[in-house]
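Some notes on the structure that comes next.
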Amino acid sequence: MDVINIAPLSRRNRLTLSLLSGLLALVFLIALSNGLSLLWLLPLALLTVFCAVLAIGKRIEPAITLRIGPEGLRYHHRRGNYQVDWQQLLRIDRPTAPSRPDQPLDYVGIRLRDPARFYHSISPRLALALIREQRPLTLLAEPNCRDGQCASLLPDIDTLPEPNLTGVRAAYAVHQMALRQQLGYDLYLHHSCLDRSPDEFIALIRDYRTQSQSPSAGSTTTTTE
Numbered sequence: 001m002d003v004i005n006i007a008p009l010s011r012r013n014r015l016t017l018s019l020l021s022g023l024l025a026l027v028f029l030i031a032l033s034n035g036l037s038l039l040w041l042l043p044l045a046l047l048t049v050f051c052a053v054l055a056i057g058k059r060i061e062p063a064i065t066l067r068i069g070p071e072g073l074r075y076h077h078r079r080g081n082y083q084v085d086w087q088q089l090l091r092i093d094r095p096t097a098p099s100r101p102d103q104p105l106d107y108v109g110i111r112l113r114d115p116a117r118f119y120h121s122i123s124p125r126l127a128l129a130l131i132r133e134q135r136p137l138t139l140l141a142e143p144n145c146r147d148g149q150c151a152s153l154l155p156d157i158d159t160l161p162e163p164n165l166t167g168v169r170a171a172y173a174v175h176q177m178a179l180r181q182q183l184g185y186d187l188y189l190h191h192s193c194l195d196r197s198p199d200e201f202i203a204l205i206r207d208y209r210t211q212s213q214s215p216s217a218g219s220t221t222t223t224t225e
């Protein structure tokens with residue numbers, strides 16, 4: 001089967017923003033050399049910096065965030081990556097908030113067969129980044145934990161799926177277990193890392209997984225953007 005590379009929505013318009021920030025910087029320098037009033041220079045400088053920060057943010061994101069292949073789904077993040085084998089993927093769907101079950105969140109949720117095995121394999125650097133990025137989900141799962149450091153989310157020997165999980169991996173495991181209990185999934189992919197709607201991506205994964213298990217599946221590579 002074809003290997004499908006997903007180029008994220010978050011990287012789109014990066015060239016436009018880069019050109020715009022460069023143009024604004026040029027205009028700022030020309031205005032500065034002509035002695036334009038500070039009243040005009042300050043907003044122009046702020047706009048230039050804002051566009052430059054957005055452009056840099058888009059460029060440091062991975063060009064490919066998801067790779068779908070015969071062995072499973074691989075997620076690429078600027079802090080690392082992880083692999084979910086097809087045998088490990090139990091369910092994929094749209095999560096919903098406990099208070100609004102009829103309103104899907106802007107995420108794709110993945111439920112694992114063996115979460116503990118995944119917690120051992122994820123890199124601490126990526127685990128820490130995901131905890132920070134998933135703070136909006138943490139607030140849904142633990143409404144009274146606005147700083148993400150409540151006692152219920154701190155590692156404890158009685159709450160860990162395996163006692164030999166330590167450090168950042170242990171904190172990540174407790175965090176994800178809380179999300180699993182309240183939202184029903186172990187992993188969460190935000191819409192911005194996809195190249196299509198969450199529902200279309202879910203349909204793609206389900207179809208690909210079914211076809212990859214057929215004996216006639218081959219292997220080539222395609223990229224969508």
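In terms of UniProt numbering, the sequence shown has 68 at position 68, counting the first letter as 1, and numbering is strictly consecutive. We put the beta carbon where it would ideally sit given N, CA and C, even for glycine. Quick caveat, the model's predicted, so the values are computed rather than measured.
- Contact between the segment 117-130 and the segment 168-178 is established, with three or more Cβ pairs separated by less than 8 Å.
- Nearest to glycine 184 by alpha-carbon distance, out of Thr166, Gln211, Leu140 and Ala45, is Leu140.
- Rounded to the nearest angstrom, the gap between the Cα atoms of glutamine 211 and arginine 74 is 17 Å.
- Counting along the chain, the unbroken beta strand (DSSP E) around aspartate 102 starts and ends at 100-104.
- In this structure, DSSP gives aspartate 114 a state outside helix and strand, which the three-state scheme calls coil.
- It is roughly 26 Å from the alpha-carbon of alanine 116 to the alpha-carbon of leucine 194.
- With contact defined as three or more Cβ pairs closer than 8 Å, the segment 80-96 and the segment 186-205 are in contact.
- In the DSSP assignment, the residues bridged to leucine 89 are Leu112.
- According to the DSSP assignment, arginine 67 belongs to the beta strand (DSSP E) that extends over 66-69.
- Beyond the five residues adjoining it in sequence on each side, asparagine 34 comes within less than 6 Å, by CB distance, of no other residue in the same chain.
- Between isoleucine 6 and isoleucine 64 the beta-carbon gap is near 7 Å, inside 8 Å, which marks them as a contact.
- With respect to leucine 189, valine 108 sits close: the two C-beta atoms are nearer than 7 Å.
- Isoleucine 122 carries a coil assignment under DSSP once its states are collapsed to helix, strand and coil.
- By the beta-carbon neighbour count (other beta carbons within 10 angstroms, threshold 16), serine 214 is exposed.
- Here tyrosine 185 carries a coil assignment [DSSP, helix/strand/coil].
- If you compare the alpha carbons of Gln88, Tyr119, His191 and Ala203 with that of threonine 166, the shortest gap goes to Tyr119.
- Check the Cα spacing between leucine 29 and each of Leu19, Ile68, Ser99 and Ala45: the tightest is with Ala45.
- Assigned with DSSP and collapsed to three states, aspartate 195 falls in coil, not helix or strand.
- Across the structure, glycine 72 and valine 84 are spaced so that their CA atoms are roughly 6 Å apart.
- From the listed residues Ser192, Ile110 and Leu90, the smallest Cα separation to glutamine 176 is found for Ile110.
- Bounds of any beta strand (DSSP E) do not take in leucine 137; it lies within the alpha helix (DSSP H) bounded by 135-141.
- Close CB contacts of glutamine 134 within its chain, under the 8 Å cut and outside five residues either way in sequence, are with His175, Leu179 and Tyr188 (chain order).
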